[in-house]
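In this note's numbering, the protein residues as written are 1 to 70. C-beta atoms are modelled at their ideal positions from N, C-alpha and C, and glycine is treated no differently. Every value quoted in this text rests on a predicted model; they were computed, and no experiment measured them.
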């Protein structure tokens, strides 16, 4: 959160402590993380939000199958 405070001040945007907190205030989520791609995807789908994913949806075929059968 410390690093994000600088970005927030510079661009006049809000930072969130968790994905859940962000999801409570939005209709859609853009996922651009590297490590938590699939977990964030599944949480966002479960929250009923629209999703835009900049990178490949998953890193492996197994992760893609989890998403497809969600």
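Return the first residue and the last residue of the beta strand (DSSP E) that residue 74 is part of.
For the chain, the structure presents residues 1 to 70; residue 74 sits outside this window and is missing.
Where does residue 50 sit, in a helix, a strand or coil, going by DSSP?
Here residue 50 refers to the residue found at position 50 of the chain shown. DSSP places residue 50 in strand when its eight states are reduced to three.
Leaving out five residues on either side along the sequence, give the residues of the same chain with a beta carbon under 6 angstroms from the beta carbon of residue 16.
Within the chain shown, numbered from 1, the residue matching residue 16 stands at position 16. Excluding sequence neighbours, residue 16 sits near 22.
Cβ shell of residue 29 (< 6 angstroms), same chain only, five flanking positions each side left out
As a position in the chain shown, residue 29 is number 29, starting the count at 1. For residue 29, where only same-chain residues beyond five positions count, the Cβ hits under 6 angstroms are 44, 49, 51.
Do you know how far the Cα of residue 38 is from the Cα of residue 63?
For the purposes of this step, residue 63 is identified with residue 63 of the chain shown, where counting begins at 1. For the purposes of this step, residue 38 is identified with residue 38 of the chain shown, where counting begins at 1. In a straight line, the C-alpha of residue 63 is about 7 angstroms away from that of residue 38.
What is the DSSP secondary structure of residue 61, counted as helix, strand or coil?
Taking the chain shown and counting its residues from 1, the one referred to as residue 61 is at position 61. Helix at residue 61.
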